[in-house]
Amino acid sequence: MNQYMLKLCLPRGISIGPNELREATAKVLNGQENCHRFFHYDENGKPLNEKPAYRFVGGKGFVGFVSERSEEDIKELMYPVLQAIQTPKLFSMLNGLMPKVQILQFEKKAFVTQEPKVYLVSRCIDKKDHRKALGEEGRLTVLFKSMLAQAIKEGVLTTLPDDQDLQLQFASVRDLGLETQFQNKNKKWMHMMHAQFIANIDLQGIWQMGGMTSRGHGLISKQNNKGVFQSCL
């Protein structure tokens, strides 16, 4: 599966959350025709009941937008995003410095490995209250396997690795909780978790697990040879 990304490389020491960029871009595009799809809404303003093909993402040193449809989406959204980062709130966060802009194309891949890889998942959302009895590690295991099952539908994986081959283990789990307000003004308390984990699988590309991925939640980073967690590009 091809992925296309508009990546803003942030100046050292500066952090902008993906949802902050998403909200600022939505304000720039407010009222424009057919822009709803970039924010995971239908033409009536209702959330789409499917995996988001368009997502705002961010990690250490970068923030941006990903499309799993077409490079034309990146070209269409580039100017609104550049306008968004020049709005007073984001421009002040950048200390008046413009980020370096990159347009990237890469392939989303996954390979079962003999040796474990170490990962970090940040701000992973579980919307399902009935999974409370599973505990944090149980919730994350369900969400990770659901992500792999979706990858099979996308043609990224051919089969779901069994537990013995995958050797998935979560550690250092923190449940932060999250209260969010939707367009209909309803508020809901959801579980938001950070965690490290190991698994015998090599993830390449942009991978996210859990809910609200269009807002940048659940981004997975991989530990490199120097012990630093970086995006899986």
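Each residue of the sequence shown is one higher than the last, beginning at 150 in the numbering used here.
Each residue gets a CB set at the ideal place from its N, CA and C atoms; glycine is no exception.
Simplified DSSP state of residue i, which is helix, strand or coil
i, result
"leucine 253", "strand"
"valine 177", "helix"
"arginine 226", "According to the sequence displayed, residue 226 carries leucine and not arginine. DSSP places leucine 226 in helix when its eight states are reduced to three."
"lysine 209", "coil"
"asparagine 333", "Residue confidence for asparagine 333 is low, a pLDDT of 49 falling below 50, so the modelled location carries little weight and cannot support an answer."
"serine 363", "helix"
"proline 265", "strand"
"lysine 258", "strand"
"glutamate 192", "coil"
"isoleucine 165", "coil"
"leucine 170", "helix"
"glutamate 94", "Limits of the chain in this structure are 150 at one end and 382 at the other, which puts residue 94 out of reach."
"leucine 306", "coil"
"leucine 197", "coil"
Neighbour-count burial assignment, residue i, 16 or more Cβ in a 10 Å radius
i, result
"glutamate 285", "buried"
"leucine 246", "exposed"
"proline 237", "exposed"
"lysine 375", "exposed"
"methionine 150", "exposed"
"tyrosine 153", "buried"
"aspartate 311", "exposed"
"aspartate 278", "exposed"
"glycine 304", "exposed"
"lysine 276", "exposed"
"asparagine 333", "Below a pLDDT of 50, predicted positions are generally treated as unreliable, and asparagine 333, at 49, falls in that range; the measurement from the model is reported next regardless. Asparagine 333 should be labelled exposed."
"alanine 91", "An answer regarding residue 91 cannot be provided, because it is not within the stretch 150 to 382 covered by the chain."
"arginine 161", "exposed"
Min CB distance residue i to chain C below 8 Å
i, result
"lysine 176", "The structure shown has no chain C; it contains just one protein chain."
Sheet register partners of residue i (DSSP bridge)
i, result
"aspartate 278", "Paired residues: none, contrary to the question."
"phenylalanine 378", "Gln372"
"cysteine 158", "Phe211 and Lys249"
"glutamine 345", "Leu269 and Ala320"
"glutamine 152", "Phe255"
"arginine 204", "Val215"
"isoleucine 350", "Val261"
"histidine 340", "Asp275"
Supposed close pair residue i, residue j - CB separation, criterion 8 Å
i, j, result
"alanine 259", "aspartate 191", "In fact, because the Cβ distance is near 30 Å, the residues do not count as touching under 8 Å."
"isoleucine 165", "methionine 227", "16 Å between Cβ atoms; not a contact."
"threonine 362", "proline 201", "6 Å"
"valine 145", "isoleucine 355", "Residue 145 lies beyond the stretch modelled for the chain, which goes from 150 to 382, so this question has no answer here."
"leucine 309", "leucine 325", "Rounded, the Cβ-Cβ distance is 29 Å, inconsistent with contact."
Residue interval of the beta strand (DSSP E) (run including residue i)
i, result
"valine 322", "318 to 324"
Bounding residues of the alpha helix (DSSP H) (the contiguous stretch that carries residue i)
i, result
"phenylalanine 240", "237 to 242"
"isoleucine 301", "284 to 302"
"glutamine 357", "Segment: none, glutamine 357 is in no alpha helix (DSSP H) and carries neither H nor E."
"leucine 315", "312 to 315"
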